[in-house]
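S.K.: In numbering that gives the first Met the number 0, the protein residues as written are 0 to 296. Glycine residues also receive a C-beta, built at the ideal position from the N, C-alpha and C atoms. Once you've had a glance at the structure underneath, I'll fire off some questions.
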Amino acid sequence: MSFPAQVKIVEVGPRDGLQNEAKTISVKRRISLIRSLAASGLNNIEAGSFISPKWVPQMASTAEVLAGLDLDAGIHYPVLVPNLRGMQEALAAGAREVAVFAAASETFSQKNINCSISESLDRFAEVFDLATANNIRVRAYVSCVLGCPYEGEIDAQKVVTVAKQLNKLGCYEISLGDTIGTGTPLKTKALLATISREISIEKIAVHFHDTYGQALANIFAALQQGVSVIDSSVAGLGGCPYATGASGNVASEDVIYMLHGMGIHTGVDLNKLALTGRNICDQLGTPVRSKVNLALQ
0 MSFPAQVKIV
10 EVGPRDGLQN
20 EAKTISVKRR
30 ISLIRSLAAS
40 GLNNIEAGSF
50 ISPKWVPQMA
60 STAEVLAGLD
70 LDAGIHYPVL
80 VPNLRGMQEA
90 LAAGAREVAV
100 FAAASETFSQ
110 KNINCSISES
120 LDRFAEVFDL
130 ATANNIRVRA
140 YVSCVLGCPY
150 EGEIDAQKVV
160 TVAKQLNKLG
170 CYEISLGDTI
180 GTGTPLKTKA
190 LLATISREIS
200 IEKIAVHFHD
210 TYGQALANIF
220 AALQQGVSVI
230 DSSVAGLGGC
240 PYATGASGNV
250 ASEDVIYMLH
260 GMGIHTGVDL
270 NKLALTGRNI
280 CDQLGTPVRS
290 KVNLALQ
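In structure tokens, the structure reads:
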């Protein structure tokens with residue numbers, strides 16, 4: 000059985016994590032969190048989003064967060080953009096990389112971004128045009144790839160259809176999200192086997208929530224299929240505000256502990272990362288949700 004020699008961790012705590020925490024922290028503390036994550040060895044860190052603060056108040060002032068970071072330090076700081084206006088705001092703030100988000104579930108798309116899957120992809124065409132004109136890399140997320148809170152199980156072909164359109168638009172990477180955490184290892188392997196027939200596995204990332212305690216098992220299954228990019232959130236922060244019952248993202252500490260135990264290189268100092276996780280949880284007044292972090296205390 001072969002596994003990737005190295006895995007890229009995309010740390011989503013400062014965006015996907017914080018946006019679903021009850022307490023909103025200051026720009027200064029968000030900058031400090033991102034700097035601390037970078038100091039632990041993480042090179043890909045979601046810095047925020049340009050979604051209206053009316054909908055996601057935790058992500059207000061992302062432009063100020065970017066202004067407080069060294070964007071020339073060789074670290075990727077992608078920001079989420081929902082549409083052309085968000086892309087324009089990201090450009091004005093100096094963003095070098097953005098991410099867009101679609102869904103494999105029609106109902107989830109309507110409830111999440113108030114439009115159909117087709118309409119969301121049409122919106123993104125303008126985002127990609129502006130990104131291309133300004134040499135900005137675009138990453139994409141596809142939600143509900145292994146289950147939807149409204150539609151139940153999702154046919155793999157629906158995921159493939161959305162991913163292929165995002166790939167055609169010009170994404171350099173597509174992150175497949177188990178938004179409500181209902182996926183299991185064999186379903187994960189089957190989905191990846193299906194999608195890899197249409198899109199190179201090197202362009203695929205995985206994004207698991209741990210609602211049913213399956214995230215690490217699913218990541219192991221993804222590694223077996225050749226996936227080498229994993230999204231995770233420090234201390235297990237976050238969830239999904241549009242998916243009732245969805246618990247946090249898989250904890251970065253837990254993922255990295257498993258990868259290091261398998262001899263897979265990440266470049267991350269686990270002890271520094273765990274300290275960062277404890278600090279941000281103290282600031283949020285929320286418990287650490289990483290088993291590895293708790294074990295290291």
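Have a look at SER115 and GLU105 and give me their C-alpha separation to the nearest angstrom.
M.R.: Distance between the alpha carbons of SER115 and GLU105: 6 Å.
S.K.: Taking its Cβ as the centre, do 16 or more other Cβ atoms sit within 10 Å of GLN296, making it buried, or is it exposed?
M.R.: Exposed is the call here.
S.K.: So the candidates are LYS290, THR275 and PRO286; which of them puts its Cα closest to the Cα of ILE33?
M.R.: It is THR275 whose Cα lies nearest to the Cα of ILE33.
S.K.: Whole-angstrom Cβ separation of VAL254 and ILE74, contact assumed at under 8 Å?
M.R.: At roughly 19 Å, the Cβ-Cβ gap does not stay under 8 Å, so VAL254 and ILE74 are not in contact.
S.K.: Here's the rule: buried if 16 or more other CB atoms are within 10 angstroms of the residue's CB, otherwise exposed. What is LYS167?
M.R.: By the neighbour-count rule (16 or more Cβ atoms within 10 Å), LYS167 is not buried but exposed.
S.K.: Could you tell me the distance, in whole angstroms, from the CA atom of SER35 to the CA atom of ASP15?
M.R.: Going from the Cα of SER35 to the Cα of ASP15 covers about 17 Å.
S.K.: Could you give the first and the last residue of the continuous beta strand (DSSP E) run that contains TYR171?
M.R.: Note, TYR171: premise wrong, no beta strand (DSSP E); not H, not E.
S.K.: On the DSSP bridge assignment, give the partners of VAL64 in chain order.
M.R.: VAL64 pairs with nothing; no bridge assigned.
S.K.: Quick one: give me the first and last residue of the alpha helix (DSSP H) that ILE116 is part of.
M.R.: 116-132 is the extent of the alpha helix (DSSP H) around ILE116.
S.K.: MET86 and ALA130 - do their beta-carbons sit closer together than 8 Å?
M.R.: Cβ atoms of ALA130 and MET86: closer than 8 Å.
S.K.: Taking the Cβ atom as the reference point for each residue, do GLY225 and ILE200 lie within a distance shorter than 8 Å?
M.R.: Yes, the Cβ-Cβ distance between GLY225 and ILE200 is below 8 Å.
S.K.: Quick one: is GLY146 buried, meaning 16 or more other Cβ sit within 10 Å of its Cβ, or exposed?
M.R.: Buried is the call here.
S.K.: Determine which residues share a DSSP beta bridge with GLN5 and list them.
M.R.: In DSSP, GLN5 forms a bridge with HIS264.
S.K.: Using CA atoms only, rank isn't needed, just tell me which of TRP54, SER39, MET58 and ALA37 is closest to GLY47.
M.R.: Nearest of TRP54, SER39, MET58 and ALA37 to GLY47, Cα basis: MET58.
S.K.: To the nearest angstrom, how far is the alpha carbon of SER251 from that of ILE179?
M.R.: Roughly 18 Å between the two C-alpha positions.
S.K.: In angstroms with no decimal places, state the Cα-to-Cα distance between TYR241 and ILE203.
M.R.: Residue placement at TYR241 is poorly supported in this model, since its pLDDT is 49, which falls under 50; the coordinates still yield a value, given next. If you take the alpha carbons of TYR241 and ILE203, they lie about 24 Å apart.
S.K.: Below 8 Å between beta carbons: does that hold for GLY315 and ARG288?
M.R.: Summary: the structure shown does not reach residue 315, with the chain confined to residues 0 through 296, and so no result is reported for it.
S.K.: Just checking my contact of ILE198 with PHE207 at CB under 8 Å: how many whole Å lie between their CB atoms?
M.R.: About 19 Å separates the two Cβ atoms, so there is no contact after all.
S.K.: State yes or no: is the C-beta of THR23 within less than 8 Å of the C-beta of PRO56?
M.R.: Against a cut-off of 8 Å, the Cβ pair of PRO56 and THR23 comes out as a contact.
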